[in-house]
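> Can you keep this structure in mind? I'll have questions shortly.
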Amino acid sequence: MATPYLEKGTLLDGFTIGDRVHKGGMAYLYAVTHPAHDLAMLMKVPVLNEGEDPAAIVSFEMEQMILPRLSGPHVPRFIAAGDFAVQPYLVYERIPGETLYKSLPELPLPAEQVAAIGAKVATALHDLHRQHVVHLDVKPSNIILRSDTGVATLIDFGLSHHGQLPDLMFEEFRLPYGTAPYMAPEQVYGIRTDPRSDLFALGALMYFFVTGVRPFGDPQSLKGLQRRVWWDPIPPRQLKADVPPWLQEIILRCLSPNPEGRHPTAAQLAFELTHPEQVTLTPRAHKIARDPWSVRIKRRFHPDSFRPSLQQARRVTSAADGAPIVAVAIDLTESEPDLIEALRTTVKRVILTVPNARLACLNVLKGNLIAIDQTLDKEGHNVHVQRLVQLKDWARALELPPDRVSYHVLEAMDAGSAILDYVSANAVDHIVLGARTSAVLRNILGSVSMEIVQKAPCTVTVVRKSRGQGGSA
Amino acid sequence: MRIALLADIHANLEALQACLADVRARGADRLVFLGDVVGYGADPVACVEIVAEACSTGALAIKGNHDEAAVGPTRFRLNETAEKALRWTEAILGDTHKAFLSGLPMMVGEEGRLYVHASAAHAESYPYVTGLDEAVESLQATKAHVTICGHVHMPALYNLAVTGKIMQHIPIAGTDIPLLSQRRWLAVMGAVGQPRDGNPAAAYGLFDAEKSALTYVRVPYDVEKAQDKIRKAGLPDSLWKRLGVGR
């Protein structure tokens, strides 16, 4: 059998072996160079000794299948793989920066910093889920905040599940594999297909980072792991009083034992972490003590209590399809009531058919950002607040629950780019907006809708009022 | 080298032509027909001629149970519907067609791959690989890295780890699946001419030998036309009905 020990200076398939940078139970990592690849690279070599954990082999096989198919800024770029028959290895981009594991001595961190890290990781997870992969081992040592771009990169896909490939880990090991403090309850019960398992792990990470304490400790037995189904963690605010209620709301939602209770997608979690003012606070936001014993015991033994099951697990392939973020841009300045009504009808059709869709109502307040007093109108009303009120009034007829709708007044000089920025930053799946019907205005101001149709990285619906409704066009 | 893998054509000319057009569009260096060119469908003559023509220019064809039964008495039993269709088929096939079918090999191995219609274990009695036990039996009967078969009409992919664990995967069309070298694989192709997995689209496979990657492909075709021909040929109704639902 091949060995994970590679001598420095050895040449392997054109790669020159450099320093060993990590020696783990499952694999060794070496810095490598190659004349044809002008970037920093790592070579991962699995530990395959007789009598070693066979999971090392299988998880290496999984990574060998998954990594070459991944792309984008949130994963290391795949370079090469070596065959098992000769010398198994994987070569991939070495991400500049430290893993979050290096931050552990600094814990607890301020709430805003934890939310910012959480949002970056959630954005990375959304990109991974979009590529049909559930990571299943989200923890500080598997996340690097890139020192060049600042985005979060996920590493180590050895325990991951790919929705379209054979799941070798599942078939080989019916016992759960993962990292005890972060593992979602359904993962403890052997379910590997639900992308929301990663949101649980991220919730546990944020809890740990903001309080300095792991929400469920570090249990070493299956029984200890299963306890998280009914045993709720101490609310973060009990451990650290300055954790804001909105962050406690988000973290405890991530830690819901039933995946249905968590955010439907990583994109929606990232959205909440970057819009604290839009988080709907429930009683758990203000909790300062665990549920009483009687409630916990009931959760444990009551026959109707939640138990993870394969039947209700969601598949990663349909993750984002089931819970899109829909944005609607509403121009409140133009008095075109027909168009505003037509927009509402369209949004209703789009959003009400998808039970987990989230709606973001946008309005662009044009103006000079530097002069603060300009946000007051002639009568001295705060224009920003006035716009928010109008947006809420517009959305009232949609009758959406508060946690599925949010309102945003974007202050910018140019409506088109403000909306485009918003769409990109918040991983919006579908934007709905109205088309100006006045040809004169369109010619003077340019067409915002045209710009968005051309540039938006998502589905765009442009709404016109129907001809029968009158109007000047 | 890219190899197109076509199983269970079953005299469905429309499905075969659609698959071959798709193969040409994607590009393949080699065609392998995995048995059952005839039986059930209304175009046995045209299908045999297409396969025979391909074989004269480098394609490979394996014998299926229907190919065997269409040219004479068999050691195995077929159900009544299949039997009726085969007697109809036998009557319209010419001697050259029959000679071609009876000359087909049961199994062919090349470069770590084994092609067989049903199972590498007891190939001549055509057992169905429908579960883990049958898959293990087939995998144990050969040393090939990848065994490729048809016969079941439902796509599936089995692999056997060095630890002896067998697993089944239901492939998703259009995904290239790496067949890792340290495992052994049994790939069951869906049917070109009579899919039974609930999707009426014709099924075939593409194997990239350099990358050792297998892709299961689905191709929509003119089902109504194929159904119409079966009806007009006077074959049992169930044979055209099932094409519409892929069952």
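So the protein lines, in turn, are chains A and E. Reading the first sequence from the start, the letters are residues 5 to 477 in my numbering. Reading the second sequence from the start, the letters are residues 96 to 342 in my numbering. We put the beta carbon where it would ideally sit given N, CA and C, even for glycine. If you're wondering where the values come from, they're calculated on a predicted model, not measured in any experiment.
In whole angstroms, what is the alpha-carbon distance linking E/Thr-176 and E/Pro-331?
In the second sequence, counting from the first residue as 1, residue 176 of chain E sits at position 81. In the second sequence, counting from the first residue as 1, residue 331 of chain E sits at position 236. C-alpha separation (whole angstroms): 7 angstroms.
> According to DSSP, simplified to helix, strand and coil, what is A/Met-45?
Counted from its first residue, the first sequence places residue 45 of chain A at position 41. Three-state result, A/Met-45: strand.
> What are the residues of the stretch 257 to 278 of chain E that lie near chain A, defined by any Cβ-Cβ distance shorter than 9 angstroms?
If the cut-off is 9 angstroms between Cβ atoms, the stretch 257 to 278 of chain E has Val-257, Thr-258, Lys-260, Ile-261, Met-262, Gln-263, His-264, Pro-266, Ile-267, Gly-269, Thr-270, Asp-271, Ile-272, Pro-273, Leu-275, Ser-276, Gln-277, Arg-278 near chain A.
> For A/Asp-222, I'd like the list of residues in its chain whose CB is within less than 6 angstroms of its CB, leaving aside the five on either flank, ordered along the chain.
To locate residue 222 of chain A, count along the first sequence from 1; it is residue 218. Within the same chain, A/Asp-222 has close Cβ partners Ala-184, Pro-185.
> Going by beta carbon distance, what residues of the same chain come within less than 7 angstroms of A/Asp-397, once the five residues before and after it are set aside?
Within the first sequence, numbered from 1, the residue matching residue 397 of chain A stands at position 393. So the list is empty, once near-sequence residues are dropped.
> According to DSSP, is A/Leu-33 helix, strand or coil?
Taking the first residue of the first sequence as position 1, residue 33 of chain A is located at position 29. A/Leu-33 falls in the strand class under three-state DSSP.
> Thinking C-beta only, is A/Val-233 closer than 7 angstroms to A/Pro-189?
Residue numbering aside, residue 189 of chain A sits at position 185 when the first sequence is read from its first letter. Residue numbering aside, residue 233 of chain A sits at position 229 when the first sequence is read from its first letter. Yes, the Cβ-Cβ distance between A/Pro-189 and A/Val-233 is below 7 angstroms.
> Helix, strand or coil: how does DSSP classify A/Trp-234 here?
For the purposes of this step, residue 234 of chain A is taken as residue 230 along the first sequence, with counting starting at 1. Reduced to three states, the DSSP call for A/Trp-234 is coil.
> By the DSSP assignment, the beta strand (DSSP E) with E/Asn-254 in it spans what residues?
In the second sequence, the residue the question calls residue 254 of chain E occupies position 159. Residues 251 to 255.
> Residues bridged to A/Ser-410 by DSSP?
For the purposes of this step, residue 410 of chain A is identified with residue 406 of the first sequence, where counting begins at 1. DSSP output for A/Ser-410 lists A/Ala-364 as bridge partner(s).
> With a threshold of 16 other CB atoms inside 10 Å of the CB of E/Asn-107, please say whether the residue is buried or exposed.
Numbered from its first residue, the second sequence carries residue 107 of chain E at position 12. By the 10 Å Cβ count, E/Asn-107 comes out buried.
> Pop quiz: E/Tyr-299 and E/Leu-100 are said to be a contact at Cβ under 8 angstroms. What is the actual Cβ separation, rounded to whole angstroms?
Start at 1 with the first residue of the second sequence, and residue 299 of chain E comes out as number 204. Start at 1 with the first residue of the second sequence, and residue 100 of chain E comes out as number 5. At roughly 6 angstroms, the Cβ-Cβ gap stays under 8 angstroms, so E/Tyr-299 and E/Leu-100 are in contact.
> Chain E beta carbons: is any one of them nearer than 7 angstroms to that of A/Ala-173?
To locate residue 173 of chain A, count along the first sequence from 1; it is residue 169. The displayed chain sequence assigns Met, not Ala, to residue 173 of chain A. Output row for A/Met-173: interface = no.
> If the cut is a Cβ gap below 9 angstroms, which residues of chain E does A/Met-69 touch?
As a position in the first sequence, residue 69 of chain A is number 65, starting the count at 1. Here the neighbours are Ile-272, Pro-273, Leu-275.
> What are the boundary residues of the alpha helix (DSSP H) that A/Ala-208 is part of?
Here residue 208 of chain A refers to the residue found at position 204 when the first sequence is read from its first residue. Counting along the chain, the alpha helix (DSSP H) containing A/Ala-208 begins and ends at 200 to 215.
> Three or more beta-carbon pairs under 8 angstroms between the stretch 160 to 175 of chain E and the stretch 184 to 201 of chain E, yes or no?
Output reads yes: the stretch 184 to 201 of chain E touches the stretch 160 to 175 of chain E.
> Is the beta carbon of A/Leu-158 less than 7 angstroms from the beta carbon of A/Val-192?
On the first sequence, position 154 is the one that residue 158 of chain A refers to. On the first sequence, position 188 is the one that residue 192 of chain A refers to. Taking 7 angstroms as the Cβ cut-off, A/Leu-158 and A/Val-192 do not qualify as a contacting pair.
> Using DSSP with H/G/I as helix, E/B as strand and the rest coil, what is E/Ala-156?
Taking the second sequence and counting its residues from 1, the one referred to as residue 156 of chain E is at position 61. In the structure shown, E/Ala-156 sits in a strand (DSSP, three-state: E or B).
> I'd like the list of long-range same chain contacts for E/Ser-333, defined as Cβ closer than 7 angstroms, with 5 residues on each side in sequence excluded.
Along the second sequence, read from residue 1 onward, the residue named residue 333 of chain E stands at position 238. Excluding positions up to five away in sequence, the list reads Thr-176.
> Check whether the Cβ of A/Leu-169 lies closer than 7 angstroms to any Cβ atom in chain E.
Walking along the first sequence from the start, residue 169 of chain A turns up at place 165. Yes, A/Leu-169 lies at the interface with chain E (some Cβ there is under 7 angstroms from its Cβ).
> Using the rule of at least 16 other Cβ atoms within 10 Å of the residue's Cβ for burial, across every protein chain shown, is A/Asn-386 buried or exposed?
Here residue 386 of chain A refers to the residue found at position 382 of the first sequence. Looking at its Cβ environment, which holds fewer than 16 other Cβ atoms inside 10 Å, A/Asn-386 is exposed.
> With 7 angstroms as the limit, tell me which residues of the stretch 59 to 93 of chain A have their beta carbon closer than that to any beta carbon of chain E; keep them in chain order.
Within the stretch 59 to 93 of chain A, the residues whose Cβ lies closer than 7 angstroms to some Cβ of chain E are Glu-65, Gln-68, Met-69, Asp-87, Phe-88, Ala-89, listed in chain order.
> Can you tell me which of E/Asp-292, E/Leu-309, E/Gly-189, E/Val-340 puts its alpha carbon nearest to the alpha carbon of E/Thr-242?
As a first step, residue 242 of chain E must be located in the second sequence, where it is residue number 147. If we check each option's Cα against that of E/Thr-242, E/Leu-309 comes out closest.
> Relative to the C-alpha of E/Ala-218, which residue among E/Gly-329, E/His-264, E/Leu-129, E/Ala-110 is closest?
Indexing the second sequence from 1 puts residue 218 of chain E at position 123. Taking only the C-alpha atoms, the option nearest E/Ala-218 is E/Leu-129.
> Candidates A/Arg-353, A/Arg-304, A/Arg-391: which alpha carbon is nearest A/Lys-370's?
As a working mapping, residue 370 of chain A is identified with position 366 in the first sequence. Of A/Arg-353, A/Arg-304, A/Arg-391, the residue nearest in Cα terms is A/Arg-391.
> I'd like to know whether the C-beta atoms of A/Pro-8 and A/Tyr-32 end up nearer to each other than 7 angstroms.
As a position in the first sequence, residue 8 of chain A is number 4, starting the count at 1. As a position in the first sequence, residue 32 of chain A is number 28, starting the count at 1. It is a contact, given that the beta carbons lie within the stated cut-off.
> Quick check on E/Arg-208: buried or exposed, where buried means 16 or more other Cβ atoms within 10 Å of its Cβ?
On the second sequence, residue 208 of chain E is found 113 positions in, with the first residue counted as 1. By the 10 Å Cβ count, E/Arg-208 comes out buried.
> Under three-state DSSP, which class holds E/Ala-300?
Within the second sequence, residue 300 of chain E is the residue found at index 205, counting from 1. The sequence given here places Gly at residue 300 of chain E; Ala does not occur at that position. If DSSP states are grouped into helix, strand and coil, E/Gly-300 belongs with the strands.
> Among E/Cys-114, E/Leu-281, E/Leu-188, E/Ala-116, which one has its Cα closest to the Cα of E/Glu-144?
Here residue 144 of chain E refers to the residue found at position 49 when the second sequence is read from its first residue. The shortest C-alpha separation from E/Glu-144 is found at E/Leu-188.
> Whose Cβ in chain A lies nearer than 7 angstroms to the Cβ of E/Asn-294?
Position 199 of the second sequence, counted from the first residue, corresponds to residue 294 of chain E. Per Cβ cutoff of 7 angstroms: no residues; E/Asn-294 is ~16 angstroms from chain A at best.
> In whole angstroms, what is the alpha-carbon distance linking A/Ser-410 and A/Gln-117?
If you number the first sequence from 1, residue 410 of chain A lands on position 406. If you number the first sequence from 1, residue 117 of chain A lands on position 113. One C-alpha to the other measures close to 23 angstroms.
> For A/Ser-260 and A/Ala-208, what's the separation of their Cα atoms in angstroms?
What you label residue 260 of chain A is simply residue 256 of the first sequence in a count that begins at 1. What you label residue 208 of chain A is simply residue 204 of the first sequence in a count that begins at 1. Distance between the alpha carbons of A/Ser-260 and A/Ala-208 is about 11 angstroms.
> So what's A/Gln-135 in DSSP terms, helix, strand or just coil?
Stepping through the first sequence from its first residue, residue 135 of chain A is reached at position 131. In this structure, A/Gln-135 counts as coil in the three-state DSSP scheme.
> Check the Cβ-Cβ distances between E/Leu-309 and every residue of chain A, and say whether any is below 7 angstroms.
Indexing the second sequence from 1 puts residue 309 of chain E at position 214. Closer than 7 angstroms: no.
> Ends of the alpha helix (DSSP H) at E/Arg-97?
Residue 97 of chain E sits at position 2 when you count from the first residue of the second sequence. That residue, E/Arg-97, is in no alpha helix (DSSP H); its beta strand (DSSP E) goes 97 to 101.
> Flag this pair as yes or no: are the beta carbons of A/Val-466 and A/Ala-439 separated by less than 7 angstroms?
To locate residue 466 of chain A, count along the first sequence from 1; it is residue 462. To locate residue 439 of chain A, count along the first sequence from 1; it is residue 435. It is a contact, given that the beta carbons lie within the stated cut-off.
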